[in-house]
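Asker: Provided herewith is a single structure, encoded as structure tokens, for subsequent inquiry.
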Amino acid sequence: MLEQIIQIFVTVEFYAAVIRLATPLLLAAMGGLLAERAGVVTFGMEGMMLMGAVAGVIGSYLTGSVWGGLALAMVAGIAMAMALAFMAVTIGANQVVSAVALNIGAVGLSSTLYALVFAGGNGDVVQTVVKVPSLSVFKVPLLGDLPILGPILFNQLPLVYLALLMAPVVWFVLYRTTWGLKIRAVGEHPHAADTVGINVVRVRYLTLIFTGIMAGLAGAFLSIGQLNTFQENMSAGRGFIAYTAIVFGKWEPLGVFLGTLLFGLADALQLRIQALNLAIPYQFLVAFPYLVTLIVLILFVGKATWPAASGAPFKREDK
Amino acid sequence: MKPSTLWEQFSRRLLERSFNILIPLAAILAAFVVSSVLIVLRGVNPLTAYGALLSGAFGSPNALVTTVVRLTPLVFTGLAVTYGYRSGFFNIGAEGQLYLGAMVVTWIGVTFTTWPGWLLVPVALLGGALVGALWALIPGYLKATRGFNEVLTTLLMNYIAMQFFEWVIRIDHFGTTAFGWLGLKDPTQPFPKSAEIVPAAQLPTAAGLLTRLGITVSTPALQRLTLAALLALVAAIIVYVILFKTTTGFRARAVGVNPRAAEYMGVNVPRTILTTALISGALAGLAGAMEVMGTQHRVISNFLVGAGFDGIPVALIGQLHPLGALLSALFFGALRAGANKMQIISGAPIAVIYVIQSLAILFAIAGTTVELRPRRRQPAPNSGPAAPEVDHA
Amino acid sequence: MTELLRLEKIRKTFPGVLANDDVDLEIRKGEIHALLGENGAGKTTLMNCVYGVYRPERGHILWKGQPVEIHQARDAIALGIGMVHQHFMLVPPLTVAENVILGLPSAREPLLDLRSAAIRLRDLGKQYGLPVDPGIPVWQLPVGVQQRVEILKALYRNAELLILDEPTAVLTPGEVEDLFKVLKGLTQEGLSIIFITHKLEEVMAVSDRVTVMRNGRVVQTVNAAATNANELAKMMVGREVFLNIPKPALPAGEVVLAVTGLAAQSDRGLPALKGLSFEIRRGEILGIAGVDGNGQTELAEALTGLRPATGGTVAVSGHDVTHASPREIMDLNVAFIPPDRQHTGLLLTFSVGENLIGKEFCRPPFSKRGFLQERLIRDFVTGAIQNYDIRTPEAATPAKLLSGGNQQKVVLARELSRRPDLLIAAQPTRGLDIGATEYVRQQMVAARNAGTAILLISTELEEVLSLSDRIAVLYEGEIMGIVPASGADVHEIGLMMAGAKRLTSAAPAVEEAA
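Chains as they are written, first to last, in this note's numbering: chain A, 1 to 319; chain B, 1 to 393; chain C, 1 to 514.
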């Protein structure tokens, strides 16, 4: 049995799957990272992903094109992000609680919208699984033909390329641009940023828009990228895992990237082991990635230190 | 500031209490209004839909009992979250604790088939509470000793607990496969569900009690109303007493407001966190126990999905007060009870109630936050998303 | 004498408070203008109006003769106004250069241009006598250097007017002299400086003109040369101020607190206390003088069980409490007034009553078998509110609604009502107005006269001088010397505070065998 498991690690196809499974996490986590560095708790990515998933399917169906689906997914993600921004930044409500509320709403709203579009007004649950235009694999010329690296990195769905690019892009933005400097300042000491003329509220709103776009795309990847349809609650906690990846990576782009890869690896592994039909119960395997994340968090991350201003609404103090 | 007269004190307290109820009520009303947009989009008259909803929740003795049955586990998870929050422990793991509680209770109920009721019921309840408490102890311990943020740990433990449940429920109870002693599946049938727990383990029903007293009853609804509802009420009162009338609750609330100041006042903060985790987990475990022993009498795959997470909105709309959790659970229970009828009669999809719920929570949070001016709370260094400001006693 | 800034009839209110009441102010080019007043006089509020943090309801601001509207910090900066706040507005994980250019457009938008920033910073540092390394993260810098960075931030933005809010609160007497030299240098280069302070000696030492504020109004503006400390004090407070509360000499009692070789680490893991030794007897006040950040916080926390001791011993009334929990130490009749009543002293959302029993709630008679005895608690609370003259509408009022002075009274009532054997008071009068300050000091002297041993930790040297029987100076975790308070040489104490003089032999850190 152990041999069979080790065999899995030797195939190129396995690593391609790791990248593929990590992609929605990577998209969302990179999107959320900037907002997190600006001091917003992005626990609501789960809801954004779910809405992105349903919007992807609806958009793809209505426009007959995958790009329409992706566009609508981004819009949906932005809408959810704006709701979170309004609650957390403008009203100043507790950010985790607002996120939980929005996530619950997303579950209902996504199912309702799906039923609205595909069930044709008779109130029944959608009977047939609807097929919509979906993403197709795009092979990068030249690089896609490389041995080993080719199939893993350069022969994937377009969103995968976007995800992989996001890690260095986010790093660059955060540490080499004026925007990144503002974001970091707002997340660590918003009052200091305020006194040099930075609009804290605007920075937070803008980073959340980015989160919405990326999380929406992540959700769309799940629906029109992989499964080709929408299922109720299809994000299955991936938004939370993306959040965990941010904490796991200690809010550094590289660490977050590794965190998403870790979960992708565990996920790909458990799927492959399932296919082997070994004596390990299927539920253990499904739980495996979550367990691994928990253990790694405990052993290696230790007590995480959020950005200093995380979770707290920014208000000019009236002394 | 000069001391206020008794009349001023009384009227101020009355005002505060009314606000506590008014805000959630207004939020709920607003939620219904906004959600009607979705209903209209389906071509349905919102008034018809909501009328059917109310009828399905309160329109007959049967409906009332259904509402009570639906709200009972929510009371427990709402209390679990309420108590945790008040102490700064954000228990998102109520779902997993609930499942484990249900599992243990079922196992006791299908294994100890010869025990008498007066022994079996308390043992089962204790088992359910204990396993929930222990499952919450792990994140609690991590937070108390290493400062781990419990949002992540309880969340991840949920998934693990649920998969464990899904596995156990597919193993024949005392069957021939490995771990048969752990299994819960009814060997006489192929589906992932357990056998019914023995009647001795089931909570007494209202009909049963009345019959024992010599009163014959014909309403079938009373056969579904069990002791669980009463226990929910009792639990709310007990949590209220603990929180506001005991030293344990005082400590818990102090830590919830400001752990550093509590430490300066001599409170043992790590021990308080542990106690809180245990109590919160026990309540969530009892939620699962109540559902099995009172209503379903068995567990089945996906059996009460969402009730643990729903404890959070129940607690919030209940203004983080144990008695508020009762009223809030009523709202949620009514929604669930009436949803079916709403869909059947008016055609509005069931999923709309999730939107109503979500909007209600959002409006309630917004209302509460805007009403209180948040004071600066100094986290140093920041160890995670803070629990919300808690103010009302 | 050209006029640079003029404020006319500025009025600013907050809920329930008239912070600035028709204030007029005029600042000339090249002058150092002190804004003097007690805590709560309205000085910081006024300057925040100039800097755009607040908007006055009425009044005009004229800059170089032209009326201007300042709605946010950016407007003030654009005009040439810079402000160094009392609590620094620096982002700790960012470097000096990153902090300085924060919010400024880059020459290579959107890329950061740290290199030219570093060059300009070095030039500015040389020009104004404020040398700083641009590449160091700010959190690693000592407080005096951080202040330099704040000043450079304003200079980098071509400030013509520099506002400093209580700049000397965190400096040693030596560093204060350096700062004054820098300020004089700045005025020679043509800058004007507004200097907010409540310390009279500083005003006399460095300013050209002084504006005294009281209760939101301007009392008077005078030339520094034409007045003296006493006159200024009277203007500040409106009446004669008695700084020294008479203390009867008491016979030496037994030792209540005995500290030997106490060592502890700071939050960063660096040694914060390096072998302290002292003792306090019944009925005496030992004052710990020193600039903030030399181990005062760690000392208070180590003595109260909130911070582990890495070496040495602490004994209260003969019991070894070196590794005891806060609860155990409290049970030995030790009281503690924490330095920050809002963050660590009180539970702000709890009621006044709940705060008053905050330490005793779990002991009889307030608690019986785990249940709170409400009637007994209520009686105690009513009594405490009366005895300590706590102004609150009712006992159930949340503590956050009380004024600073009344909040501190709640803390006092909670700590003193059991007649402690030992009281550790850290910054007990910080942020309080003069009435509350007098009250707190009276209470402490009364406790001392009744036999309580008191450890007073305060960064206000004047307070330590007036209240203590003996004074110990803390510098970088060591006691530089312990001297009797009567007849103490302030100059010598200042030297000790700066680490330039030592009366005790340096105690080697006693490392505890694990």
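Here a beta-carbon is modelled for each residue, glycine too, at the ideal position from N, C-alpha and C.
Quick check on this structure: which residue in C:L461, C:G103, C:D389 has the alpha carbon closest to the alpha carbon of V440 (chain C)?
Answerer: Your numbering for residue 440 (chain C) matches position 440 in the third sequence. The shortest Cα separation from V440 (chain C) among C:L461, C:G103, C:D389 belongs to C:D389.
Asker: Within the same chain, show all residues whose beta-carbon is closer than 8 angstroms to that of V390 (chain B), passing over the 5 residues directly before and after it, in chain order.
Answerer: Working through the second sequence from its first residue, we reach residue 390 (chain B) at position 390. Note on V390 (chain B): pLDDT 40, under 50, position unreliable in the model; no value is reported.
Asker: Roughly how many angstroms separate the alpha carbons of K274 (chain C) and Y156 (chain C), rounded to a whole number?
Answerer: In the third sequence, residue 274 (chain C) corresponds to position 274, counting from 1. In the third sequence, residue 156 (chain C) corresponds to position 156, counting from 1. C-alpha separation (whole angstroms): 40 angstroms.
Asker: Would you check if the distance between the CB atom of R448 (chain C) and the CB atom of G283 (chain C) is smaller than 8 angstroms?
Answerer: Within the third sequence, the letter at position 448 stands for residue 448 (chain C). Within the third sequence, the letter at position 283 stands for residue 283 (chain C). Contact: yes.
Asker: Using a Cβ-Cβ cut-off of less than 9 angstroms, list which residues of the segment 264-275 of chain B approach chain C; keep chain order.
Answerer: Answer set for the segment 264-275 of chain B: Y264, M265, G266, V267, N268.
Asker: Less than 8 angstroms between the beta carbons of G338 (chain B) and L29 (chain B), yes or no?
Answerer: Start at 1 with the first residue of the second sequence, and residue 338 (chain B) comes out as number 338. Start at 1 with the first residue of the second sequence, and residue 29 (chain B) comes out as number 29. Cβ atoms of G338 (chain B) and L29 (chain B): not closer than 8 angstroms.
Asker: Using a Cβ-Cβ cutoff of 8 angstroms, what residues of the segment 86-102 of chain A are near chain B? List them in chain order.
Answerer: Flagged, chain order: M87, I91, G92, A93, N94, Q95, V96, V97, S98, V100, A101, L102.
Asker: Roughly how many angstroms lie between the CA atoms of A302 (chain C) and A264 (chain C), to the nearest whole one?
Answerer: Numbered from 1 along the third sequence, position 302 holds the residue referred to as residue 302 (chain C). Numbered from 1 along the third sequence, position 264 holds the residue referred to as residue 264 (chain C). Rounded to whole angstroms, A302 (chain C) to A264 (chain C) spans 7 angstroms at the Cα level.
Asker: Going by C-alpha distance, which of C:G103, C:A395, C:G370, C:P93 is nearest T349 (chain C)?
Answerer: Stepping through the third sequence from its first residue, residue 349 (chain C) is reached at position 349. Ranking C:G103, C:A395, C:G370, C:P93 by Cα distance to T349 (chain C) puts C:A395 first.
Asker: Can you give me the C-alpha to C-alpha distance between F118 (chain A) and Q226 (chain A), rounded to a whole angstrom?
Answerer: What you label residue 118 (chain A) is simply residue 118 of the first sequence in a count that begins at 1. What you label residue 226 (chain A) is simply residue 226 of the first sequence in a count that begins at 1. Each residue's alpha carbon lies about 19 angstroms from the other.
Asker: Buried or exposed for I365 (chain B), going by 16 or more other Cβ atoms inside 10 Å?
Answerer: Start at 1 with the first residue of the second sequence, and residue 365 (chain B) comes out as number 365. Buried, since its Cβ has 16 or more Cβ neighbours within 10 Å.
Asker: In chain A, which residues lie with their C-beta within 7 angstroms of the C-beta of V355 (chain B)?
Answerer: Locating residue 355 (chain B) in the second sequence gives position 355, counting from the first residue. Within 7 angstroms Cβ-Cβ: G105, G108, L109, T112.
Asker: For the alpha helix (DSSP H) containing H491 (chain C), list its first residue and its last residue.
Answerer: Stepping through the third sequence from its first residue, residue 491 (chain C) is reached at position 491. Run containing H491 (chain C): 490-497, per the alpha helix (DSSP H) assignment.
Asker: Under 8 angstroms Cβ to Cβ from I350 (chain B), same chain only, skipping five residues before and after it: list those, please.
Answerer: Here residue 350 (chain B) refers to the residue found at position 350 when the second sequence is read from its first residue. So the list reads A339, N340, M342, Q343, once near-sequence residues are dropped.
Asker: How about A252 (chain B): is its C-beta nearer than 8 angstroms to some C-beta of chain C?
Answerer: Stepping through the second sequence from its first residue, residue 252 (chain B) is reached at position 252. Cβ-Cβ to chain C under 8 angstroms: no for A252 (chain B).
Asker: DSSP puts M235 (chain C) in a beta bridge; with which residues?
Answerer: Here the question's residue 235 (chain C) lines up with position 235 in the third sequence. Answer by DSSP bridge pairing: none, since M235 (chain C) is not bridged.
Asker: Less than 8 angstroms between CB atoms is the rule here; does V321 (chain C) satisfy it with respect to chain A?
Answerer: By one-based count along the third sequence, residue 321 (chain C) stands at place 321. It does not; no Cβ of chain A falls within 8 angstroms.
Asker: At least one CB of chain F closer than 8 angstroms to the CB of N91 (chain B): is that the case?
Answerer: In summary, chain F is missing from the structure at hand, where the protein chains are A, B and C.
Asker: For I241 (chain A) and L25 (chain A), I'd like the C-alpha separation in whole angstroms.
Answerer: Translated into positions along the first sequence, residue 241 (chain A) becomes position 241. Translated into positions along the first sequence, residue 25 (chain A) becomes position 25. Their Cα atoms are separated by approximately 7 angstroms.
Asker: Find out if the Cβ-Cβ distance for the pair V291 (chain C), T459 (chain C) is shorter than 8 angstroms.
Answerer: As a first step, residue 291 (chain C) must be located in the third sequence, where it is residue number 291. As a first step, residue 459 (chain C) must be located in the third sequence, where it is residue number 459. Yes. Within cutoff.
Asker: Are the segment 279-292 of chain B and the segment 102-116 of chain B in contact at 8 angstroms, needing three or more beta carbon pairs?
Answerer: With a cut-off of 8 angstroms, the segment 102-116 of chain B and the segment 279-292 of chain B count as touching, because enough Cβ pairs lie within range.
Asker: Given a cut-off of 8 angstroms on the beta-carbon distance, is the pair I280 (chain C) and V256 (chain C) in contact?
Answerer: If you number the third sequence from 1, residue 280 (chain C) lands on position 280. If you number the third sequence from 1, residue 256 (chain C) lands on position 256. Taking 8 angstroms as the Cβ cut-off, I280 (chain C) and V256 (chain C) qualify as a contacting pair.
Asker: Going by the C-beta, is L465 (chain C) closer than 7 angstroms to any heavy atom of the ligand FAD?
Answerer: This structure lacks the ligand FAD; in fact it carries no ligand of any kind.
Asker: Tell me, please, whether the CB atom of K245 (chain B) is closer than 8 angstroms to any CB atom in chain C?
Answerer: Translated into positions along the second sequence, residue 245 (chain B) becomes position 245. So yes, K245 (chain B) belongs to the interface.
Asker: Between the segment 191-204 of chain A and chain C, which residues of the former have a C-beta closer than 9 angstroms to a C-beta of the latter?
Answerer: Flagged, chain order: H191, A192, A193, D194, T195, V196, G197, I198, N199.
Asker: Confirm, please, whether the CB-CB distance from A220 (chain A) to A73 (chain A) is below 8 angstroms.
Answerer: Here residue 73 (chain A) refers to the residue found at position 73 of the first sequence. Here residue 220 (chain A) refers to the residue found at position 220 of the first sequence. In this structure, A220 (chain A) lies closer than 8 angstroms to A73 (chain A) by Cβ.
Asker: Going by C-alpha distance, which of A:F230, A:A99, A:A85 is nearest F314 (chain A)?
Answerer: Residue mapping note: residue 314 (chain A) aligns to position 314 of the first sequence, counting from 1. Checked all of A:F230, A:A99, A:A85; the closest Cα to F314 (chain A) is A:A85.
Asker: Please state if the CB of Y51 (chain C) and the CB of M83 (chain C) are separated by a distance shorter than 8 angstroms.
Answerer: Here residue 83 (chain C) refers to the residue found at position 83 of the third sequence. Here residue 51 (chain C) refers to the residue found at position 51 of the third sequence. Yes. Within cutoff.
Asker: Tell me which same chain residues have a C-beta within less than 6 angstroms of the C-beta of I345 (chain B), skipping the five on either side of it?
Answerer: Numbered from its first residue, the second sequence carries residue 345 (chain B) at position 345. Once the five neighbours on either side are set aside, the close Cβ partners of I345 (chain B) are A52.
Asker: Would DSSP call R470 (chain C) helix, strand or coil?
Answerer: Walking along the third sequence from the start, residue 470 (chain C) turns up at place 470. The answer is strand: DSSP assigns R470 (chain C) an E or B state.
Asker: Quick one, which residues of the segment 68-81 of chain C are near chain A if we go by CB-CB under 8 angstroms, in chain order?
Answerer: Result list: Q72, A73, R74, I77.
Asker: Can you tell me which of the three DSSP states R170 (chain B) falls into?
Answerer: The residue you call residue 170 (chain B) lines up with position 170 of the second sequence. R170 (chain B) falls in the coil class under three-state DSSP.
Asker: Any idea if M236 (chain C) is buried or exposed, counting beta-carbon neighbours within 10 angstroms, 16 or more meaning buried?
Answerer: Numbered from 1 along the third sequence, position 236 holds the residue referred to as residue 236 (chain C). M236 (chain C) should be labelled buried.
Asker: Please name the residue in A:G108, A:A81, A:I213, A:V57 whose C-alpha comes closest to that of F43 (chain A).
Answerer: Position 43 of the first sequence holds residue 43 (chain A). Nearest option by C-alpha distance: A:A81.
Asker: So what's Q265 (chain C) in DSSP terms, helix, strand or just coil?
Answerer: Here residue 265 (chain C) corresponds to residue number 265 of the third sequence, with the count starting at 1. Looking at Q265 (chain C) - three-state DSSP - the assignment turns out to be strand.
Asker: Classify L184 (chain B) as helix, strand or coil using the three-state DSSP reduction.
Answerer: Here residue 184 (chain B) refers to the residue found at position 184 when the second sequence is read from its first residue. L184 (chain B) falls in the coil class under three-state DSSP.
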